[in-house]
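Data block below; observations after.
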Amino acid sequence: MTKVQLKGVRKDFGAFTAISQIDLDINSGELVALLGPSGCGKTTTLRMIAGLEVPTYGHILFDDDDVSEVPVQDRQVGMVFQRYALFPHMTVEKNVMFGLKVRGTPKAEIEERLEEILDVVQLQQFRHRFPAQLSGGQMQRVAIARTLITKPSVLMMDEPLANLDTKLRGEMRRFIRELQQRLGITTIFVTHDQIEAMELADRVAVIFDGKLAQYDAPDALYQRPNSVEIADFMGANNIFAAQISASGLATAAFGTLQLDRDIVTVREGAGRILLRSEAIDLLLEEPDGENVIEGTVEGREFFGATVNYTVTCGGEIITVNEQSRRLVEVGQKVWLRIEPRHIWAIRDDA
Amino acid sequence: MARRKFKSALNSRLSGFQKIYLLLIAGFILGPFIPLLIQSFAFRWAWPDLLPGTWWLEQREKSLLPLAWDYVLSPYSRVWEATLNTVFIGLVVTVICLAICLPAARVLAREKFRGKSAFEFFLSMPLIVPEAAIGIALLMIFIRLGLAGSYTGIIIVHLIPTIPYMIRMLTAVYQGLGTDFEEQAMILGASRWQVMRMVTLPMLLPGVVAGALFTFLVSTNIFLLTFFMGQGKIITLPTLLFSKIAGGTLDASAAGITLVVTVPGIILLLITERFIKEEAFGKGFGN
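Chains G and B, in that order, give the protein sequences. Heads up: the first sequence at position 100 corresponds to 100 in the numbering used here, and the numbers run straight through without jumps. In short: position in the second sequence from 1, add 1000, done, that's the numbering used here.
Structure below.
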């Protein structure tokens, strides 16, 4: 098992800076997502760890050994490309054996490991097929098998779930997670999809404009983003300007809310408050207590299992998401209630 | 079986107009060969008869074969010698052209460098500058170098019009290949040479075959440059044909030679077509 560290890594392509500076520690056996919009440098980071690019400055360490300049062939890493890059002129079997064959592994050992890995990825009956005859999920399993058979110290994946349909996504997610835990292999994957990052990773590294913006567990990233940019990228839709007082009261256009001062780190000043749309209760009668906002339902979007309401409150629009056990009519007067521990605040200068 | 299927597909999908249009195209392509075929089996075909006055079949006791074919197959026609020269030069040109264009196409498809577009334009110059101009200019130089009238000379001039085509074709193929496959192979531990042999070449093969076929066909069809550089010492099918029809008349033997000239191309096309379409095409590689 391998611990991966990036120390002050920078990458320039001519005059263009892809990564300005990244420090990242990935524990042995951890599953980490590099998340960011396209062009943010996440793929470049992955390629540097793989050895396909050499960092301009800084060092990449595997178990405290500097591998920054070790050629890709000798780095003992595995990578699954977004489009799998299965060799179209080879059968599943030949694809999987490729890595061992080019390294001159004895034939008997290749055979043995082939059988073993084909069982793991459940591809025994497809072994003589060509990639063109496989479905997306099967192709991905071939790509994973082809990589794992070489026993890489680090497994890398580029957008592992992006090319699969919804049903297969769930299946592959469980498959990757289970395999990763069973083998305990350090795994890093790249994605632009925050859902994919959260559903798969132990920790998520958010990269914006070639810089590490936040590195945290999925729930922390979702509940407690450290900038508006990250909150926005993680899919937050209720972000409002507010004045925060020393006593933990946030005053926004629609009213004043009490914050939980054990959770919120902002002490005083101008900032933004973040209300998670699924943490808001939509009530038809005025309740007692604090953190209640009065408003009118402006719109309704029905998604089947859940429903989104847009509620206008004091000139602002708050989105509320709830299970669709009932449907509230547009135009209805409502009261919104949110518990202090579900409110997060970000300072404006952050 | 396959043909019947094709025909029914045609009938069911094409309108009457489309069918007539297809027939016209086929007529324009194949039409010119009809008089050649007739001529090659004629004994005497004088103007203004629409068909030969005397067919070879009627004069069988006078000549064993149709006049045209009797001449073409005899050593006097030098058809055999010209065919061998044509095929030999075509093959050598194709191999050298591939060796030059494969690395060049790789760079053009994948790298960015200053003056790349100017360089690409420069590459297509031979297609713009008239062949005669290139030919005359080179002939002067080649005579001085002693390359005129030699195979080397002819092969070098054949590379001039074939390289632009080949580079364009292979660049497109390389662009289509992308870098994923080669990078994947390297991550799996393959050396540069292993990547080339086990991944790049097998995957480029259809494009390489198409480019090679095209180069061969262009080379076997070049007349003017061959004529200049061959100096009459080395004859190929196009120069032989020219000497036959230079007088302005199309006699039976010229018709025969013309038909022979088309044969290598057609055979090659059929072989390649089959080779490229073969579904099990991939199975022969990477073993």
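Cβ coordinates follow ideal geometry from the N, Cα and C atoms, glycine included.
Check	Outcome
Burial state of G51/G (16 or more Cβ within 10 Å)	buried
Whole-angstrom distance between R203/G and R10/G, CA atom to CA atom	22 Å
K3/G in three-state terms, based on DSSP	coil
Contacting positions in the stretch 1171–1194 of chain B - beta carbon closer than 8 Å to chain G	D1180, F1181, E1183, Q1184, A1185, M1186, I1187, L1188, G1189, A1190, S1191, Q1194
I1029/B versus I1096/B - alpha carbon distance	32 Å
W1045/B classed as buried or exposed, judged by whether at least 16 other C-beta atoms fall within 10 angstroms	buried
Residues that DSSP places opposite Q21/G in a beta bridge	K211/G
S277/G versus T1179/B: straight-line alpha-carbon distance, rounded	43 Å
Span of the beta strand (DSSP E) around K151/G	Looking at the DSSP string, K151/G is not in any beta strand (DSSP E), and its letter there is neither H nor E.
Spatially closest choice to L1050/B from F1041/B, T1152/B, P1035/B, S1040/B, by CA coordinates	P1035/B
Partners in chain G for M1196/B, counting only beta-carbon separations shorter than 8 Å	Within 8 Å Cβ-Cβ: nothing; M1196/B doesn't reach chain G, min ~12 Å.
Selected residue, minimal CA-CA separation from L275/G, among A197/G, Y215/G, I239/G	I239/G
Interface flag, V1208/B vs chain G, CB-CB below 8 Å	no
Beta-carbon proximity check, Q138/G vs F130/G, cutoff 8 Å	no
K333/G, buried or exposed, once every other Cβ within 10 Å from all chains shown has been counted against 16	exposed
Same chain, Cβ closer than 6 Å to M156/G, five either side skipped, listed in chain order	L46, A50, M79, I188
Contact list for the stretch 81–114 of chain G against chain B, Cβ threshold 7 Å	F81, R83, A85, F87, P88, H89, M90, K94, F98, G99, V102, R103
Supposed contact pair E196/G and L161/G - C-beta distance, whole angstroms, cut 8 Å	5 Å
At least 3 beta-carbon pairs within less than 8 Å: the stretch 282–301 of chain G vs the stretch 1019–1029 of chain B	no
Helix, strand or coil at H1158/B according to DSSP, with G and I counted as helix	helix
Exposure of K94/G, with buried meaning 16 or more beta-carbon neighbours within 10 Å	buried
Within chain G, partners of V1199/B - CB distance below 7 Å	F87
Beta-ladder partner(s) of K333/G, from DSSP	T296/G
Cβ shell of N1287/B (< 6 Å), same chain only, five flanking positions each side left out	Bear in mind that a pLDDT of 30 at N1287/B, under 50, signals an unreliable position, so the number given afterwards is only what the model happens to contain. Correct list: empty, nothing qualifies.
Boundaries (first-last residue) of the beta strand (DSSP E) holding M1140/B	Looking at the DSSP string, M1140/B is not in any beta strand (DSSP E); the run it does join, the alpha helix (DSSP H), is 1131–1145.
E316/G - partner residues in DSSP beta bridges	C313/G
Q1231/B Cβ short of 7 Å to the ligand SAM heavy atom set	The model on display carries no ligand, and the ligand SAM is accordingly not part of it.
Within 8 Å, strictly: CB atoms of A1105/B and T1171/B	yes
Inter-residue Cα distance where the pair is S1253/B and P1075/B	13 Å
Spatial neighbours of T1094/B in its chain, beta-carbon cut-off 6 Å, leaving aside the 5 residues before and after	A1212, T1215, F1216
Cross-strand partners of G403/G (DSSP beta bridge)	One cannot answer for residue 403/G here, as it falls past the ends of chain G, which runs 1 to 350.
Inter-residue spacing [alpha-carbon to alpha-carbon] between G304/G and E53/G	46 Å
Chain G within 8 Å of M1203/B, Cβ atoms only	yes
For F1216/B, the first and last residue of its enclosing alpha helix (DSSP H)	1201–1221
Neighbour list for T150/G in chain B, Cβ cutoff strictly below 8 Å	L1188, G1189
Closer than 8 Å to chain B by CB, L52/G	yes
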